[in-house]
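Line by line, the protein sequences give chains A and B. Counted the way our numbering counts, the first sequence spans residues 1 to 289. Counted the way our numbering counts, the second sequence spans residues 1001 to 1289. Don't be surprised by glycine CBs; every beta carbon is placed ideally from N, CA and C. Okay, so here's the structure we're looking at.
Number of protein chains: 2
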Amino acid sequence: MVTAHSVPSDSGLRAGGGRAPVGLVAGRGDFPIEMCEAARRAGVPGLAVIGMHGETDPAISGLADSLDWVYVGQLRRSIAALKRRGVEEVIFAGQVRPGRLFKGLRPDWTALRLLCRLKERNAESIFSAIGAEFQRCGLRVLPSTTFMEEALAPTGLLGRVRPGQAVREDIDFGVRIAREIGRLNIGQTVVVKRGTVVAVEAFEGTDKAIRRAGEIAHGGVTVVKVAKPGHDLRFDVPCVGMRTVESLRLAGARALVLHAGRTLLLRRERVLAACDAARIAVIGVEIGE
Amino acid sequence: MVTAHSVPSDSGLRAGGGRAPVGLVAGRGDFPIEMCEAARRAGVPGLAVIGMHGETDPAISGLADSLDWVYVGQLRRSIAALKRRGVEEVIFAGQVRPGRLFKGLRPDWTALRLLCRLKERNAESIFSAIGAEFQRCGLRVLPSTTFMEEALAPTGLLGRVRPGQAVREDIDFGVRIAREIGRLNIGQTVVVKRGTVVAVEAFEGTDKAIRRAGEIAHGGVTVVKVAKPGHDLRFDVPCVGMRTVESLRLAGARALVLHAGRTLLLRRERVLAACDAARIAVIGVEIGE
């Protein structure tokens, strides 16, 4: 998908004669870090990163050509910083803590206006409004999977642990329920055990939903994470990494099911080795739209 | 609905010449206690209660004509006890802790066979199998709302607090989502705030879902509890009481929405007074099938 990034010939030159840097709005965890590394490998001309106080790992400074810090909700300031850096294309990578919408958000007027216009405030409605605002300011938003093709979960058994018959039934059941939960714009993750929906992720985030399910069901759960039908890959791409594995381990999970081609599996080697060690099956599942 | 209880003339006489006692399988909380009181007021000839260790309030002994204790999952033993007491009609009142399905369940062979036959294990599938087993043994299961018509939530504003415009929008939104969650056999309760689904109840139970939502959203939530479309009123009737109010208070809730005619409002005067004091609007909403 490096083609998706190739800069239009009429806009690809900056004052200094170089190509425009790519902007990166960086949330929590490993995703923005891996995105920087992948973009570097793909030969991007420069990386202008927006870091968010309390969310973005400061280690990203070693990978960015420029780094501007904002508070979550400072939309106008983020856009202005990116424009100042000469950015024309932006990627969003990494979540902010979901609870930010209710506490610790410092919306500027642009963000406030945007939030007030929304009747329903879910990941999709909020991000699609943010995307529209960026585009309106001349910043094209690229899919979060740009440069990250290798991290997309493939189909089939990804680790060494094979699921037994009961777990295979839970996988089918969980995928069906997770799709419905996605369709309703509630969340991406459900946790099931022997035909029972133990936990549904809404606004608490994936890790808390997994850990809660572990407590209720006393282990043996299957965790299913999917993209919603028609998911806009520019925002909120389902993503699992080492933090997910730690939650799975604590919850005594038997299986982790990922939407093939639509879920990013970060730190893949480490994740799969840790799942193997904890006897957790990791499976990529094809899901029709 | 006392008519629903009237005993068929050919089976209404016991060896001693009296009418058959009504059986009550009693779960947690106030519901079984109120059911006993309501049945007494309706003049039932006798109350044969099945209490469940660790679930049923022992205070029920003062209201029962006979009381047999079982462990959750002892289906054969419950049925045998009721038959021995001469029962022909049974009512289920009060939940068992949802987590019992995974821990602390002591299924006998009858219960194990029943659970193993089920592909999906949710309240509906489990209770409908239990109901079938009771009927097979000659015990007719009456709706949990029998004798309890007065406790059914009516339509409209039930307390003194009126919801504002934002809360009214959340009520419409929450009802729509709660119905879908019910339709999928996941749970009865959702918690929303300003167009965001903050929490969905799955297997953790209503109170935990409410308290979690309060922590995530920092108050201002609307809690919606509904019966699923086509809900079998013999089992798992949505029910709120003082424990719910305590959770609402802790969560800083603005509104409690009940499915009119399908939700039991227990200890009504106390519940409404406590909600008034905590500035929580209580609303019964008509919902089509």
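Other residues of its chain near residue i: CB distance less than 6 Å, five sequence neighbours each side excluded
i, result
"A1202 of chain B", "I1186, G1187"
"G1261 of chain B", "L1152"
"G1159 of chain B", "L1272, C1275, D1276, V1282"
"R194 of chain A", "none"
"P107 of chain A", "G73"
"E1124 of chain B", "N1185"
"E89 of chain A", "V22, R140, L142"
Proximity of residue i and residue j at Cβ, strictly below 8 Å
i, j, result
"A1230 of chain B", "L1266 of chain B", "For clarity, residue 1230 of chain B is Gly in the given sequence; the question names Ala instead. In this structure, L1266 of chain B does not lie closer than 8 Å to G1230 of chain B by Cβ."
"V221 of chain A", "A209 of chain A", "no"
"A251 of chain A", "V167 of chain A", "no"
"I1181 of chain B", "A1255 of chain B", "no"
"L1115 of chain B", "R1121 of chain B", "yes"
"L1067 of chain B", "G1051 of chain B", "yes"
"G104 of chain A", "V72 of chain A", "yes"
"I1079 of chain B", "L1139 of chain B", "yes"
"A93 of chain A", "F31 of chain A", "yes"
"S144 of chain A", "V237 of chain A", "yes"
Through-space distance from residue j to residue i, alpha-carbon basis
i, j, result
"F1102 of chain B", "A1227 of chain B", "24 Å"
"T206 of chain A", "R1028 of chain B", "31 Å"
"R234 of chain A", "R1249 of chain B", "39 Å"
"T1110 of chain B", "L1118 of chain B", "13 Å"
"L258 of chain A", "L157 of chain A", "10 Å"
"F1134 of chain B", "P1058 of chain B", "24 Å"
"A1253 of chain B", "A42 of chain A", "50 Å"
"A1039 of chain B", "V1190 of chain B", "32 Å"
"R290 of chain A", "R1076 of chain B", "An answer regarding residue 290 of chain A cannot be provided, because it is not within the stretch 1 to 289 covered by chain A."
"V1025 of chain B", "R270 of chain A", "51 Å"
"E149 of chain A", "R268 of chain A", "13 Å"
"T1196 of chain B", "L1082 of chain B", "47 Å"
"W1069 of chain B", "C1036 of chain B", "16 Å"
"L264 of chain A", "L63 of chain A", "20 Å"
"R1019 of chain B", "H1053 of chain B", "29 Å"
"I1033 of chain B", "C1239 of chain B", "13 Å"
"R243 of chain A", "G1164 of chain B", "40 Å"
"E1055 of chain B", "V1200 of chain B", "24 Å"
"G99 of chain A", "R1100 of chain B", "30 Å"
Residue environment, residue i, which counts as buried when at least 16 other CB atoms sit within 10 Å
i, result
"Q95 of chain A", "buried"
"R162 of chain A", "exposed"
"A277 of chain A", "exposed"
"G17 of chain A", "Low confidence applies to G17 of chain A: its pLDDT is 46, below 50, so where it sits in the model is not reliable enough to give any reading."
"E204 of chain A", "buried"
"R84 of chain A", "exposed"
"S61 of chain A", "exposed"
"S11 of chain A", "In this prediction, S11 of chain A has a pLDDT of 40, which is less than 50 and means its spatial position is unreliable; nothing more can be read from the coordinates."
"R179 of chain A", "buried"
"E318 of chain A", "Outside the shown range of chain A (1 to 289) lies residue 318 of chain A, about which nothing can therefore be said."
Beta-carbon contacts of residue i that lie in its chain and below 8 Å, excluding the five residues immediately before and after
i, result
"T1155 of chain B", "A1260, G1261, G1284, V1285, E1286"
"G1131 of chain B", "V1141, D1232, R1234, F1235"
"V192 of chain A", "D170, F173, G174, I177, V198, V221, T222, V224"
"H218 of chain A", "G252"
"C1137 of chain B", "I1079, K1083"
"R1183 of chain B", "K1228, P1229"
"F127 of chain A", "F92, D232, R234, F235, D236"
Beta-carbon contacts of residue i that lie in its chain and below 7 Å, excluding the five residues immediately before and after
i, result
"D65 of chain A", "P21, G46, L47, A48"
"E1246 of chain B", "none"
"R211 of chain A", "S247, L250, A251"
"R1279 of chain B", "V1161"
"R1014 of chain B", "Its pLDDT being 44, under 50, R1014 of chain B is placed unreliably in this model, and the coordinates cannot settle the point."
Minimum Cβ-Cβ distance from residue i to chain D less than 8 Å
i, result
"A151 of chain A", "Protein chains A and B are contained in the structure displayed, whereas chain D is not."
Residue i beta carbon near the ligand ADP (any heavy atom closer than 7 Å)
i, result
"V25 of chain A", "Of ligands this structure carries none, so the ligand ADP is not represented either."
Problem set entry | Against chain B: residues of the segment 194 to 223 of chain A by CB proximity under 7 Å | R194, G195, T196, V197, V198, A199, V200, A202, F203, E204, R212, I216, A217, H218
For this session: With 9 Å as the C-beta to C-beta threshold (strictly closer), list the residues of the segment 1095 to 1106 of chain B near chain A in chain order.
Result: P1098, G1099, L1101, F1102, K1103
Problem set entry | Against chain A: residues of the segment 1111 to 1137 of chain B by CB proximity under 7 Å | L1118, K1119, E1120, R1121, N1122
Exercise. Got a sec: which bits of the segment 1171 to 1189 of chain B sit with their beta carbon under 7 Å from any beta carbon on chain A, in order along the chain?
Worked result: F1173, I1177, E1180, L1184, I1186
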